[in-house]
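Participant:
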Amino acid sequence: MIPPPTSPLSQAHIGYGVVNVSYTRVSLMPDEDSVSPGYLRRGSVIRITERRMQKNEEKSESWVFVEGSFSGWLRESLVDIYENEAQAQTASRSMGR
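Okay, so the sequence shown: first residue is 178 according to our numbering, each after it adds one.
Encoded structure:
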């Protein structure tokens with residue numbers, strides 16, 4: 178199931194995420210080829226404020242805008258999303274970070 182884009186009238190944030198891969202690049206735009214302000218490691222806790230669907234070469238991907246060590250876009254599949262920061266922090270600790 179593909180989540181809908183975030184409505185501008187929705188809450189201030191979607192939730193909190195925990196990076197679920199060993200290392201990933203944050204992008205300034207929801208695109209693999211975009212400039213990157215930095216990288217995040219597995220277990221990094223980030224605030225998620227927006228979700229956007231991007232269609233590239235006949236496939237759609239969901240991206241999330243994150244705020245943390247770096248602000249920018251990540252593919253949603255690289256992040257486990259939780260309702261609140263406490264849940265995300267607990268998940269991060271269980272990853273051995």
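Ideal Cβ positions, reconstructed from N, Cα and C, are used throughout, including at glycine.
Model, not experiment: these values are computed from the prediction.
Excluding sequence positions up to five away, which residues of its chain have a Cβ less than 6 angstroms from the Cβ of V243?
Facilitator: These residues qualify, in order along the chain: I223, I225 and L251.
Participant: Measure the C-alpha to C-alpha separation of P214 and F247 and round it to an integer number of angstroms.
Facilitator: Each residue's alpha carbon lies about 7 angstroms from the other.
Participant: Buried or exposed, going by whether 16 or more other CB atoms sit within 10 Å of the CB of V196?
Facilitator: With 16 or more Cβ atoms within 10 Å of its Cβ, V196 is classed as buried.
Participant: Rounded to the nearest angstrom, what separates Y259 and S237 at their Cα positions?
Facilitator: Computed Cα separation, rounded: 23 angstroms.
Participant: Suppose you measure from the CA of H190 to the CA of S254; what does that come to, to the nearest Å?
Facilitator: Each residue's Cα considered, the two are about 18 angstroms apart.
Participant: Going by the beta-carbon positions, is the gap between G249 and L205 smaller than 8 angstroms?
Facilitator: Contact flag set, yes.
Participant: Within 10 angstroms of its Cβ, does S187 collect 16 or more other Cβ (buried), or is it exposed?
Facilitator: Bear in mind that a pLDDT of 48 at S187, under 50, signals an unreliable position, so the model cannot answer this.
Participant: Please state the DSSP three-state secondary structure of L205.
Facilitator: Looking at L205 - three-state DSSP - the assignment turns out to be coil, as it is neither helix nor strand.
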